[in-house]
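Report on the following structure.
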Amino acid sequence: MLEQIRKAGCYLPEERILCQYCEAAVGGGFQDDGSVVLCSNHLLSQDHANITLVHELVHAFDQCRAHVNWSDCTHHACSEIRAALLSGDCDWKREFWRGHLGLRAQFQKCIRRRAEISVRMNPNCSPLQAKEAVNRAWDICFADTAPFDGIP
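Residue numbering for the sequence shown follows the UniProt record's numbering, starting at 1 and increasing by one per position.
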């Protein structure tokens, strides 16, 4: 992912990928200054850390490529859809352990749910705005697998 960010014209030095204690109950975050944070006190396994890192690096890639306006709920929703899609966050095993056992379109339901949860954390986006933003961004952003050739 770091190489793909470079190819897109940006540079994310490794020292801007931080592992730290986080107050919020999240695995990580993409900061306004372009830093990626992994929350050491909320990552449950190496797999969880890997998925979280890829999720946050998708945001870094989107910021580089699309200059995301994180105050815009639809922009934010698009990046969250892509991060959930491309990180492995919604694979069957993870959904099983979360108690989401549906067989019909469970992958898409997970991506929508995870994107809405993340956008709701944005102080500029109410729960209704988050849901509407995910719906608006869905078709284009679910189809966009860059920098990968498909869903990894």
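Every residue, glycine too, gets a C-beta built ideally from N, C-alpha and C.
Bear in mind the structure is a predicted one, so any value in this text is a computation, not a measurement.
CA-CA distance, residue 64 to residue 93, rounds to 31 Å. Where residue 38 is concerned, the enclosing beta strand (DSSP E) starts and stops at 36 to 39.
Selection 75, 38, 16, 61 evaluated against residue 23 yields 38 as nearest (Cα-Cα). Separation of residue 28 and residue 46 (C-alpha to C-alpha, rounded to the nearest whole angstrom) is 14 Å. Taking the Cα of residue 85 as reference, the smallest distance to any Cα among 104, 74, 54 is reached at 54. Sixteen is the threshold: since fewer than 16 other Cβ atoms of the shown chains lie within 10 Å of the Cβ of residue 15, the residue is exposed. Sorting 48, 42, 20 by C-alpha distance to the C-alpha of residue 35 places 20 at the top.
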